[in-house]
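See below for the structure under consideration.
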Amino acid sequence: MPVHKGQGSEFENIFLILPDKDYPVLSRELIYTAITRASQSVTILGKEEVLRTSISRVIKRKSGLHDSLWGGRSL
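Quick note: the sequence shown, position 68, residue 87 per the working numbering, numbers continuous.
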């Protein structure tokens, strides 16, 4: 099951299988979502470098909500 399909659900055990190479869609948020679905254990299969790169990639959301609320001004 893809990570995004498991959002909002909980499972006893999670097996996170990473691809052989890095992809831009792999991010800290995606890894976090995957591992927080587990109530008992998490097993991550894949290259350590892919995991490290994924964790270091933080997605900056661009929903436009901030600008809509604050008109481009900082909080």
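Glycine included, each C-beta is placed from N, C-alpha and C at the ideal position.
All values reported here derive from a predicted model rather than from experimental measurement.
8 Å CB neighbourhood of residue i in its chain, flanking five on each side removed
{"i": "Thr69", "result": "Note on identity: in this sequence residue 69 is Val, with Thr being the wrong assignment. Contacts found: Leu37, Pro38, Asp39, Lys40, Asp41, Leu45."}
{"i": "Gly90", "result": "none"}
Top-ranked residue by Cα proximity to residue i, from the options
{"i": "Thr6", "options": "Phe34, Gly25, Arg56, Tyr51", "result": "One cannot answer for residue 6 here, as it falls past the ends of the chain, which runs 20 to 94."}
{"i": "His23", "options": "Lys79, Gly83, Arg56, Val77", "result": "Arg56"}
{"i": "Arg47", "options": "Leu88, Ser73, Ser82, Gly83", "result": "Ser73"}
{"i": "Pro21", "options": "Gly90, Leu84, Leu49, Ser75", "result": "Leu49"}
{"i": "Ile78", "options": "Gly90, Ser28, Pro43", "result": "Pro43"}
{"i": "Ile54", "options": "Phe30, Gly83, Ser87", "result": "Phe30"}
Those residues which DSSP pairs with residue i across a bridge
{"i": "Thr62", "result": "Phe34"}
{"i": "Ala57", "result": "Phe30"}
Proximal residues to residue i (C-beta, below 6 Å), its chain only, five neighbours per side dropped
{"i": "Leu64", "result": "Ile36"}
Sequence-distant residues of its chain with Cβ nearer than 7 Å to residue i (five each side left out)
{"i": "Gln26", "result": "Thr52"}
{"i": "Ser82", "result": "none"}
Residue i vs residue j beta-carbon contact at 8 Å
{"i": "Ser60", "j": "Asn32", "result": "yes"}
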